[in-house]
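J.:
2 protein chains.
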Amino acid sequence: MAIAPTVEAAIGPRDAIMDAAMHLFGKQGYTGTSMRDIASAVGVLPGSLYAHIASKEALLIEIVDGGINRFLAAVGPHVVSDASPVEKLRAMIIAHVEIVADNPERSQVVFHQWRYLGDASKPAAIKKRRDYEEAFIEVVEEGIQSGEFRADVNRRIAVRTILGALNWTPEWISPEGSLSPASIGTLMADSLLTGVLA
Amino acid sequence: MAIAPTVEAAIGPRDAIMDAAMHLFGKQGYTGTSMRDIASAVGVLPGSLYAHIASKEALLIEIVDGGINRFLAAVGPHVVSDASPVEKLRAMIIAHVEIVADNPERSQVVFHQWRYLGDASKPAAIKKRRDYEEAFIEVVEEGIQSGEFRADVNRRIAVRTILGALNWTPEWISPEGSLSPASIGTLMADSLLTGVLA
DNA sequence: GGCTGTCATAAACAATCATTTGTTTTATTG
DNA sequence: CAATAAAACAAATGATTGTTTATGACAGCC
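Protein chains in written order, with our numbering: chain S, 47 to 244; chain U, 47 to 244.
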């Protein structure tokens with residue numbers, strides 16, 4: 047046996063470090079995680095990490111940027127599909143929940159730890175986040191134009207309400223839950239699109 | 047003039063420290079804030095803080111517990127009012143947004159920094175958070191029983207969708223915004239209760 | 001079988017962390 | 001003005017922070 051992948055499916059030392067950092071940053075936060083924490087999770091001494099990565103911040107940059115890209119890649123295609131705005135928005139919500147469920151800890155890093163990026167990388171992350179919000183705004187705008195959505199909704203607040211509900215999911219979603227990510231996404235899409243009223 | 051309250055309305059050294067800690071914990075996180083940060087915000091040397099507070103964690107405990115209590119106190123009365131479930135839920139949502147808007151940074155501490163509480167105080171904080179969620183569940187249950195809410199909503203997921211949207215508001219709400227907290231709360235209540243569909 | 005590059009160790013670096021101590025300044029009050 | 005209390009200073013504590021360095025083990029390859 048040449049390679050012994052861990053439960054975390056890390057196929058090399060660098061991936062093992064990235065994986066440990068992702069989980070620890072998600073659980074304890076960036077500033078609440080020390081390089082010694084990461085090293086001991088990987089099973090190596092602290093100094094050994096630097097043979098594979100440049101710095102603690104480089105870890106954060108890679109996790110945040112890669113994480114945002116997953117959301118953009120999962121949701122983007124639905125924005126430009128030829129479905130109706132309702133169907134688009136529903137598909138985007140479900141896709142978002144599936145990405146969160148795939149790795150809630152990485153999602154927590156994407157949603158919260160980007161604040162600790164340095165001045166060199168934070169602006170790019172903020173721009174991608176805004177692009178993401180803008181994609182939802184576009185679809186809502188489209189739905190209002192077509193008459194499928196109520197004309198009196200405040201587009202920005204409606205989208206932030208939806209994204210807020212979605213971005214809170216890593217707080218409570220669990221792989222051991224009885225509902226699949228797709229089911230949760232569908233239920234949330236129902237709640238958000240049609241409300242709770244009878 | 048005996049007392050010179052700052053912009054932050056701190057009427058004593060202890061309040062000034064609590065206030066600085068609240069803002070810094072909210073903005074930079076508990077682990078991302080040093081006692082030196084707090085001291086320099088207050089305009090004092092680090093060691094001087096300990097004449098007024100017991101420890102860094104004591105600050106966190108007081109901010110989190112006091113913060114949760116505000117939400118409970120604002121929402122509680124609506125739960126037991128004799129209004130209809132729809133009106134109750136609407137009032138609870140608006141009250142929640144108003145508490146967030148009153149101090150978004152304290153809200154961020156309540157929503158995120160409770161993780162860093164020690165074993166002695168974390169369980170109590172978790173219990174209060176669950177009580178808060180349970181209050182919303184109760185009202186939704188009541189609405190389903192009375193037929194005002196759809197019978198096919200998953201109560202837990204519906205409530206977490208609502209609370210997620212609400213707990214995300216400190217990320218974007220701003221005192222400089224053109225809409226009042228009450229207006230934002232009303233718009234969000236509309237979105238969450240009746241959805242976006244025409 | 002020696003060579004090359006990868007990777008880990010062991011040990012240390014300066015900086016910063018929360019906190020404690022003894023002393024001095026500042027303000028209040030009689 | 002003198003006495004007292006409140007609050008800040010100045011300096012140091014040991015622990016922990018991210019990171020660097022020098023050294024050695026162990027592969028695969030010609």
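Glycine residues also receive a C-beta, built at the ideal position from the N, C-alpha and C atoms. Keep in mind it's a predicted model, so treat the numbers as computed, not measured.
S/L91 by DSSP, collapsed to three states: which one?
T.: Position 45 of the first sequence, counted from the start, is the residue given in the question as residue 91 of chain S. Here S/L91 sits in coil by DSSP.
J.: Using a C-beta cutoff of 9 angstroms, does S/G241 count as contacting chain U?
T.: One-based indexing of the first sequence puts residue 241 of chain S at position 195. At least one chain U Cβ lies under 9 angstroms of S/G241.
J.: Under 9 angstroms Cβ-Cβ, which residues of chain S neighbour U/S237?
T.: Against the second sequence, residue 237 of chain U aligns to sequence position 191. Under the 9 angstroms cutoff, chain S gives V199, N200, I203, A204, T207, I208, L238, G241.
J.: Cα-Cα, which of S/L225, S/I230, S/F182 is closest to U/V242?
T.: Numbered from its first residue, the second sequence carries residue 242 of chain U at position 196. Nearest of S/L225, S/I230, S/F182 to U/V242, Cα basis: S/F182.
J.: Could you tell me which residues DSSP puts in a beta bridge with U/L243?
T.: In the second sequence, residue 243 of chain U corresponds to position 197, counting from 1. Answer is S/F195, bridged to U/L243.
J.: Using the C-alpha atoms, what's the distance from U/T240 back to S/T240?
T.: Residue 240 of chain S sits at position 194 when you count from the first residue of the first sequence. Residue 240 of chain U sits at position 194 when you count from the first residue of the second sequence. So the alpha carbons of these two residues sit roughly 6 angstroms apart.
J.: Please confirm whether S/F182 has its beta-carbon closer than 9 angstroms to some beta-carbon of chain U.
T.: Your numbering for residue 182 of chain S matches position 136 in the first sequence. Chain U contact via Cβ: absent.
J.: Using 8 angstroms as the cut-off, can you tell me whether the region 152–166 of chain U makes contact with the region 106–120 of chain U, which would need three or more C-beta pairs spanning the two stretches below that distance?
T.: At 8 angstroms Cβ cutoff, the stretches touch.
J.: Measure the alpha-carbon distance for S/K134 versus U/A244 and round it to whole angstroms.
T.: As a working mapping, residue 134 of chain S is identified with position 88 in the first sequence. As a working mapping, residue 244 of chain U is identified with position 198 in the second sequence. Cα to Cα, S/K134 sits roughly 16 angstroms from U/A244.
J.: If the cut is a Cβ gap below 8 angstroms, which residues of chain S does U/H158 touch?
T.: Position 112 of the second sequence, counted from the start, is the residue given in the question as residue 158 of chain U. Those within 8 angstroms of U/H158 in chain S are H158.
J.: Evaluate S/I63 with the Cβ neighbour count: other Cβ atoms within 10 Å of its Cβ, from every protein chain shown; 16 or more gives buried, anything less gives exposed.
T.: Here the question's residue 63 of chain S lines up with position 17 in the first sequence. Burial call: buried.
J.: Please look up how many angstroms separate the CB atoms of U/G189 and U/P131, rounded, as I've assumed it's under 8 angstroms.
T.: Position 143 of the second sequence, counted from the first residue, corresponds to residue 189 of chain U. Position 85 of the second sequence, counted from the first residue, corresponds to residue 131 of chain U. Going by Cβ atoms, the distance from U/G189 to U/P131 rounds to 3 angstroms, so yes, they are a contact pair.
J.: For U/D65, does the three-state DSSP call read helix, strand or coil?
T.: Against the second sequence, residue 65 of chain U aligns to sequence position 19. Reduced to three states, the DSSP call for U/D65 is helix.
J.: Can you tell which of U/V185, U/D83, U/T77 has the C-alpha that lies nearest to the C-alpha of U/D128?
T.: One-based indexing of the second sequence puts residue 128 of chain U at position 82. Considering only alpha carbons, the answer is U/V185.
J.: So, at 8 angstroms on beta carbons, what are the nonlocal neighbours of U/H98 in its own chain, with the 5 sequence-adjacent residues on each side left out?
T.: The residue you call residue 98 of chain U lines up with position 52 of the second sequence. Counting only Cβ-Cβ distances below 8 angstroms, and skipping sequence neighbours, we find P59, R60, I63.
J.: According to the neighbour-count rule (16 or more other Cβ atoms, all chains shown, within 10 Å of its Cβ), is U/K174 buried or exposed?
T.: Position 128 of the second sequence, counting from 1, holds the residue named residue 174 of chain U. So U/K174 ends up on the buried side.
J.: Decide yes or no for the touch test of the region 144–152 of chain S against the region 198–210 of chain S: beta carbon pairs closer than 8 angstroms, at least 3 of them.
T.: The region 144–152 of chain S is not in contact with the region 198–210 of chain S.
J.: If I'm right that S/G78 touches U/Y162 with Cβ under 8 angstroms, what's the distance once you round it to whole angstroms?
T.: The residue you call residue 78 of chain S lines up with position 32 of the first sequence. The residue you call residue 162 of chain U lines up with position 116 of the second sequence. The pair is a contact, with the Cβ atoms about 7 angstroms apart (cut-off 8 angstroms).
J.: Any C-beta of chain U sitting closer than 9 angstroms to the C-beta of S/F71?
T.: In the first sequence, the residue the question calls residue 71 of chain S occupies position 25. Not one chain U Cβ lies under 9 angstroms of S/F71.
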